[in-house]
Amino acid sequence: MRMCVSKDSDDGQDSHQQGPREACGVVAVYGVDNAALTLYNGLFALQHRGQEGAGMVVSDGKILHYCKGMGLVSEVFTGDFAEHLPGRIGIGHVRYSTTGASKTVNVQPFLAECRDGMWAIAHNGNLVNAGELRDRYQKQGAIFQTTTDSEILLHQLADPSYFGQRDRIRAALAELCGSFAFVIARPNCVYAARDPWGIRPLSLGRLGKGHVVASETCALQQIGAEYVRDVNPGELIKLDENGVKSLRFADVPVGGYGQCVFEQIYFARPNSHVFGQSVYATRTAIGRTLAQEQPCDADVVVPIPDSGVLAALGFSHASGIPFELGFIRNHYIGRTFIMPSQKSRSSSVDLKLAVVPEAVAGRRVVVVDDSIIRGNTIQKRIGVLRRAGAREVHVRIACPPTRHPCYFGIDFPETNDLVAAGRTEEQICALCGADSVGYLSLDGLKSALANAGHYCYGCFTGRYVCGTEHVVCKHALERSGPDQLEDRHHRYGVMMQ
Numbered sequence: 020m021r022m023c024v025s026k027d028s029d030d031g032q033d034s035h036q037q038g039p040r041e042a043c044g045v046v047a048v049y050g051v052d053n054a055a056l057t058l059y060n061g062l063f064a065l066q067h068r069g070q071e072g073a074g075m076v077v078s079d080g081k082i083l084h085y086c087k088g089m090g091l092v093s094e095v096f097t098g099d100f101a102e103h104l105p106g107r108i109g110i111g112h113v114r115y116s117t118t119g120a121s122k123t124v125n126v127q128p129f130l131a132e133c134r135d136g137m138w139a140i141a142h143n144g145n146l147v148n149a150g151e152l153r154d155r156y157q158k159q160g161a162i163f164q165t166t167t168d169s170e171i172l173l174h175q176l177a178d179p180s181y182f183g184q185r186d187r188i189r190a191a192l193a194e195l196c197g198s199f200a201f202v203i204a205r206p207n208c209v210y211a212a213r214d215p216w217g218i219r220p221l222s223l224g225r226l227g228k229g230h231v232v233a234s235e236t237c238a239l240q241q242i243g244a245e246y247v248r249d250v251n252p253g254e255l256i257k258l259d260e261n262g263v264k265s266l267r268f269a270d271v272p273v274g275g276y277g278q279c280v281f282e283q284i285y286f287a288r289p290n291s292h293v294f295g296q297s298v299y300a301t302r303t304a305i306g307r308t309l310a311q312e313q314p315c316d317a318d319v320v321v322p323i324p325d326s327g328v329l330a331a332l333g334f335s336h337a338s339g340i341p342f343e344l345g346f347i348r349n350h351y352i353g354r355t356f357i358m359p360s361q362k363s364r365s366s367s368v369d370l371k372l373a374v375v376p377e378a379v380a381g382r383r384v385v386v387v388d389d390s391i392i393r394g395n396t397i398q399k400r401i402g403v404l405r406r407a408g409a410r411e412v413h414v415r416i417a418c419p420p421t422r423h424p425c426y427f428g429i430d431f432p433e434t435n436d437l438v439a440a441g442r443t444e445e446q447i448c449a450l451c452g453a454d455s456v457g458y459l460s461l462d463g464l465k466s467a468l469a470n471a472g473h474y475c476y477g478c479f480t481g482r483y484v485c486g487t488e489h490v491v492c493k494h495a496l497e498r499s500g501p502d503q504l505e506d507r508h509h510r511y512g513v514m515m516q
């Protein structure tokens, strides 16, 4: 297998090493004029899912053209980029590191030439058996060019033992454990696949005579595509000149589905439908239930923007307490939770939100946020409110306490990172400096969800949808030294047979 990667010269070590994190976003198109611009618009709509890097691969029917790099979508794809990427078939990716460091070499899509031609893949999720599979291929002499779990699939597709099978893509996918939404490009077709538990979302849309696949329906909306349906858990779909072909690579797991509940709580954009449910409606319903379960004698309801706004709106409606925008967000600062290191998150908190003194001075404030993970954000916000003259600051959280690691692609893989782990609500309240802290109950959360039994609540309960015995931490796949990753900054390129 010959693989094409972009490389840079850093050593792959974040300033604060941590484990797998969410989120990434993927888009795929088939039979769409000017695929590059369509992918750009789709990735732009998914920018909230990853801000470290972006890339796309476009096929003109014979050659895979690519462009990728570090930064936001608008920073990577500039000027006349689409002229370098001709074609009507393609895939795209925005990255937030789940495994592997934040560096150019790990920016997707990944491309490779196998003995049956060219492949490109992009992945949202986290493969918990990546270390086991990587060890197997390295013992067979495989050389890995990146430090992410996603590259595993390319090596599976190049594995000679799969060539005798009728459909080696399905055979490869069936061997993976963990969360994944894959999009795969060949010169003349596109594939999309979702893990058997349905942990990560993936939707199919129609655009003219062509088709689109995206992590969220907001991307379909952005590019003017019509939503058709979700890609089903355990399903592989093929998009080619014959239309859409549906294939199964796995049955429904014995324990049932495990859709990530944090997609509804935090990650997905409010104008998306995720797992068949409106994110906007879900978050406002959660806020109403929170007000019923955790009432508060206060003068104003203030959200932590942007992710706490809808829950705060629901809280205000149910409680009758006026809603005020006590914080104004600087939209030139990225999402604090999905920044790549604790150092960057902490410094960003200082810049991200500015208090509006007129909204809070002399008032009893109830602050509503979607979640408390590490506590660095809410603690600073409480201090800012007090300095602005708030008489009291009460905190209400629109999910249960996050006490357990997530191994399926969310940024809290270690228990000691979690402020709620081993602490009571009273202790959390004292640590944050609030007058009171109240969390939504698990039953309250479930009451806002359609098909509540299809979700994973492992970060709240410690019970997971699939085995975690082979879990690898973020840097377990790092190379032994930076000298093995030479400095080659490829922005544009082609892969030819």
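Count along the sequence shown from 1, then add 19; that gives the number in my numbering.
Think of the CB as a built atom: it goes at the ideal place given N, C-alpha and C, for glycine as much as any other residue.
Which residues bound the beta strand (DSSP E) around residue i?
i, result
"Lys81", "Taken as a continuous stretch (DSSP letters only), Lys81 belongs to no beta strand (DSSP E), as it is neither H nor E."
"Tyr4", "Since the first residue shown for the chain is 20 and the last is 516, residue 4 is missing from the structure and cannot be characterised."
"Pro322", "Val319 to Pro322"
Between the Cα of residue i and the Cα atoms of the options, which residue gives the shortest distance?
i, options, result
"Leu372", "Arg383, Gly345, Gly144 and Phe334", "Gly345"
"Val438", "Asp325, Asp454 and Pro419", "Pro419"
"Gly381", "Val298, Leu370 and Arg410", "Arg410"
"Thr308", "Val126, Ser460 and Thr480", "Ser460"
"Val271", "Cys485, Val202, Val231 and Ala54", "Cys485"
"Asp168", "Lys158, Leu152, Ile162 and Gln157", "Leu152"
"Val126", "Gly150, Thr165 and Ser93", "Thr165"
"Glu245", "Asp259, Val113, Gly229 and Gly98", "Gly229"
"Ala471", "Gly295, Gly61 and Leu172", "Gly295"
"Ala417", "Val384, Ile397, Tyr458 and Gln446", "Tyr458"
"Ile188", "Lys257, Phe163 and Val250", "Lys257"
"Ile447", "Met137, Gly394, Ala317 and Ile162", "Gly394"
"Glu170", "Gln159, Trp138 and Lys158", "Trp138"
"His142", "Gly150, Val95 and Ala73", "Ala73"
"Arg248", "Ala304, Glu260 and Ser265", "Ser265"
"Arg134", "Asp99, Val95, Ala440 and Tyr181", "Tyr181"
"Thr303", "His336, Val280 and Arg288", "His336"
"Thr434", "Thr396, Gly463 and Cys478", "Cys478"
Do residue j and residue i count as a contact pair if the criterion is CB distance below 7 angstroms?
i, j, result
"Ile16", "Val321", "Lying before the first or after the last residue shown, residue 16 is absent from the chain, which here runs from 20 to 516."
"Phe334", "Ala310", "yes"
"Val414", "Val456", "yes"
"Asn145", "Ser222", "no"
"Pro215", "Pro252", "yes"
"Ala47", "Val202", "yes"
"Ala330", "Val374", "no"
"Leu2", "Phe286", "Absent from the structure is residue 2, since the part of the chain shown begins at 20 and ends at 516."
"Ala54", "Gly88", "no"
"Leu56", "Val113", "no"
"Arg213", "Val250", "yes"
"Arg326", "Asp389", "The question names Arg, but residue 326 in the sequence shown is Ser. The answer is yes: Cβ separation under 7 angstroms."
Does residue i pass the burial test, meaning 16 or more other C-beta atoms within 10 Å, or should it be called exposed?
i, result
"Arg40", "The predicted model places Arg40 with a pLDDT of 45, which falls under 50 and marks its position as unreliable; any figure quoted below should be read in that light. With 16 or more Cβ atoms within 10 Å of its Cβ, Arg40 is classed as buried."
"Gln283", "buried"
"Tyr474", "buried"
"Ser291", "buried"
"His84", "buried"
"Met22", "buried"
"Ala407", "buried"
"Val273", "exposed"
"Ile140", "buried"
"Ile347", "exposed"
"Ile162", "exposed"
"Lys158", "exposed"
"His350", "exposed"
Would you mind reading off the limits of the alpha helix (DSSP H) that contains residue i?
i, result
"Lys122", "Neither: Lys122 is in no alpha helix (DSSP H) and is coded neither H nor E."
"Ser466", "Leu461 to Ser466"
"Ile188", "Arg187 to Ala193"
"Tyr246", "Taken as a continuous stretch (DSSP letters only), Tyr246 belongs to no alpha helix (DSSP H), being part of the beta strand (DSSP E) at Glu245 to Asp249."
"Gly333", "Val328 to Ser338"
"Ala238", "Thr236 to Ile242"
"Phe63", "Ala54 to Ala64"
"Ala233", "Taken as a continuous stretch (DSSP letters only), Ala233 belongs to no alpha helix (DSSP H), being part of the beta strand (DSSP E) at Gly229 to Ala233."
"Leu404", "Asn395 to Arg406"
"Val437", "Correcting the residue type first, residue 437 is Leu in the shown sequence and not Val. Counting along the chain, Leu437 falls outside any alpha helix (DSSP H), and DSSP gives it neither H nor E."
With DSSP as the reference, please indicate the residues paired to residue i in a beta bridge.
i, result
"Lys257", "Tyr210 and Lys264"
"Glu456", "The displayed chain sequence assigns Val, not Glu, to residue 456. For Val456, which the question treats as bridged, DSSP gives the partners Val414."
"Val484", "Bridge partners of Val484: none, in fact."
"Arg205", "Cys208"
"Asn145", "Ser198"
"Tyr511", "Cys86"
"Gln278", "Tyr474"
"Gly109", "Val48 and Val77"
"Ile347", "Ala373"
"Val384", "Val319 and Val412"
Looking at chain D, is there any beta carbon in it that lies within less than 7 angstroms of the beta carbon of residue i?
i, result
"Glu343", "The structure shown contains no chain D, having only a single protein chain."
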